[in-house]
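Visitor:
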Amino acid sequence: MYDTHCISRGQWRLLHEWFEREARDLPWRTRRTPYRVWISEAMLQQTRVETVIPYYKRFLKALPSLDALSRAEEDTLLQLWSGLGYYSRARNLGKAARVIREEHGGRFPSDPAVVRRLPGFGPYTTAAVLSLSRGVDLAVLDGNVIRVLCRLFDLDEDVSQGSVQRALQALADRSLWHGRAGLCNESLMELGALVCTPSNPVCEVCPLSAGCLSRKAGRQSELPRKKKKAPRPFYRQAVLLLLNGQGGILLRRRPARGMLGGLWELPSLRGEALERRHLPSPEKDLALQLLASVFSGSPPKKDPEFIGTLKHEYSHFGLRLESWKLEIARSVVRESGPNERWVQQEELDEVGMSASDRKILADALQAR
DNA sequence: AAGTCGGGGAT
DNA sequence: ATCCCAGACTT
């Protein structure tokens, strides 16, 4: 499709020179072992560098080696991941580490086909880890590279189309300077992150501006072209802080797969969809239903106390979280099953939880 | 090809 | 309020 286009050696030289001069000093750029690069790439999927840095440091400190990762409990991984989102990434890290320990002698494989089959390794992560840590000649295609390529060659097809993705991957493959794959990949992504940004690209300082076709046409800011996403539905959801009078809060564990899989959460109940994102103040009905479900039909006589609302947006739907508090007497405290536990407030940091529940708890306990 | 899966920062 | 981010997996 774009077979006439290719990044020239001269352009690579300009870009590499720029990278040597301007590259950020990031924790995963020192000592590029496959393990260290892998953890960074897993965390960086759909996540900004600034967000990742503290998580990365904490993770490497807790689990400094592939062997340590392969022996870590899933709860430990979810705790280290708590707040980062896309928790299947954390679960897949453990799975892949165990496969490497059991089937590859604990050494990170070098064969791209083998790596690609590991849980959590798609085309991007396979190419990134192997090129950056082992110098394997594989070209990455991520959001940054897509943007830079579309602008550099003034490509205005819809990049969400599979055919266009394949053509861009082929262009990246063809452009790769063999023997310098890691540097090519990283400099291209760094350019996308620092200069060729989604809005307001800084073309004045771009090492590739002289040959940039979209800039010549004056439409670099309109690229890459992609179709708009569908509007997301919006629901109300009641959330319950059930306190046992001794500093304990009831948490439940979510199913191992799916949304927020394996994480602990406050008991909650999804309500009906909202037409508008603004609605009159929450009513107690949903909270009472929730309470009934928690106590399986015979809730305490006392009514829960309203704490507040919090809006939370996920990638494909939004929530208005309506949180309620109820302190129950010791005689009323229900037994907790295997997927439930009473957690002391001081222990909350040691539990893998979603960002929204952590915020609700922080707000509620702060106010006490 | 389309939907699922988090969360936060920039605009 | 919308978009975007060093994407992968399921259907």
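Quick note on numbering: the first sequence equals residues 1234 to 1601 in this note's numbering. Ideal Cβ positions, reconstructed from N, Cα and C, are used throughout, including at glycine.
#1: Report yes if the C-beta distance between Leu-1302 and Gly-1327 is below 8 angstroms; otherwise report no.
#2: Curious, which full-length alpha helix (DSSP H) runs of at least 4 residues does the segment 1322–1361 contain?
#3: Mark Val-1472 as exposed unless 16 or more other C-beta atoms lie within 10 angstroms of its C-beta, in which case mark it buried.
#4: Judging by CA-CA distance, which residue of Ile-1540, Leu-1365 and Gly-1395 is the nearest neighbour of Ile-1379?
#5: Going by beta-carbon coordinates alone, are Arg-1469 and Glu-1560 separated by less than 8 angstroms?
#6: How is the alpha helix (DSSP H) around Gly-1395 delimited, first residue to last?
#7: Compute the beta-carbon to beta-carbon distance between Gly-1425 and Asn-1377, rounded to the nearest angstrom, for a pair I have assumed lies under 8 angstroms.
#8: Which one of Trp-1410, Val-1373 and Glu-1283 has the shortest CA to CA distance from Gln-1398?
#9: Output needed for Gly-1551: all residues of its chain with C-beta closer than 8 angstroms, excluding positions within five of it in sequence on either side, in chain order.
#10: Taking its Cβ as the centre, do 16 or more other Cβ atoms sit within 10 Å of Thr-1358, making it buried, or is it exposed?
#11: Pull the bridge partners of Thr-1618 from the DSSP assignment, please.
#12: So what does DSSP say about Phe-1467, is it helix, strand or coil?
#13: Mind checking whether Trp-1271 and Trp-1410 have CB atoms under 8 angstroms apart?
#14: Do you know offhand how far Ala-1323's Cα is from Arg-1331's?
#15: Residue range of the alpha helix (DSSP H) that Val-1231 falls in?
Guide: Taking the structure as given:
#1: By one-based count along the first sequence, residue 1302 stands at place 69. By one-based count along the first sequence, residue 1327 stands at place 94. Yes. Within cutoff.
#2: 1345–1349
#3: As a position in the first sequence, residue 1472 is number 239, starting the count at 1. Answer is buried; the Cβ neighbour count reaches 16.
#4: The residue you call residue 1379 lines up with position 146 of the first sequence. The shortest C-alpha separation from Ile-1379 is found at Gly-1395.
#5: On the first sequence, residue 1469 is found 236 positions in, with the first residue counted as 1. On the first sequence, residue 1560 is found 327 positions in, with the first residue counted as 1. No.
#6: The count along the first sequence starts at 1 and reaches residue 1395 at position 162. Element bounds for Gly-1395: 1395–1408.
#7: For this step, residue 1425 is matched to residue 192 along the first sequence. For this step, residue 1377 is matched to residue 144 along the first sequence. Their Cβ separation, rounded to whole angstroms, is 3 angstroms, which keeps Gly-1425 and Asn-1377 in contact under 8 angstroms.
#8: Counted from its first residue, the first sequence places residue 1398 at position 165. Out of Trp-1410, Val-1373 and Glu-1283, Val-1373 has the C-alpha closest to the C-alpha of Gln-1398.
#9: Residue mapping note: residue 1551 aligns to position 318 of the first sequence, counting from 1. Contacts found: Arg-1465, Pro-1466, Phe-1467, Tyr-1468, Arg-1510, Lys-1544 and His-1545.
#10: Within the first sequence, the letter at position 125 stands for residue 1358. Its Cβ being crowded by 16 or more others within 10 Å, Thr-1358 is buried.
#11: In the structure as shown, the chain begins at 1234 and stops at 1601. Residue 1618 is therefore absent and cannot be evaluated.
#12: Walking along the first sequence from the start, residue 1467 turns up at place 234. Reduced to three states, the DSSP call for Phe-1467 is strand.
#13: As a first step, residue 1271 is located in the first sequence; it is residue number 38 there, counting from the start. As a first step, residue 1410 is located in the first sequence; it is residue number 177 there, counting from the start. No, the pair does not count as a contact, with Cβ atoms beyond the cut-off.
#14: What you label residue 1323 is simply residue 90 of the first sequence in a count that begins at 1. What you label residue 1331 is simply residue 98 of the first sequence in a count that begins at 1. Roughly 13 angstroms separates the two Cα atoms.
#15: The requested residue 1231 does not occur in the structure, where the chain is confined to residues 1234 to 1601.
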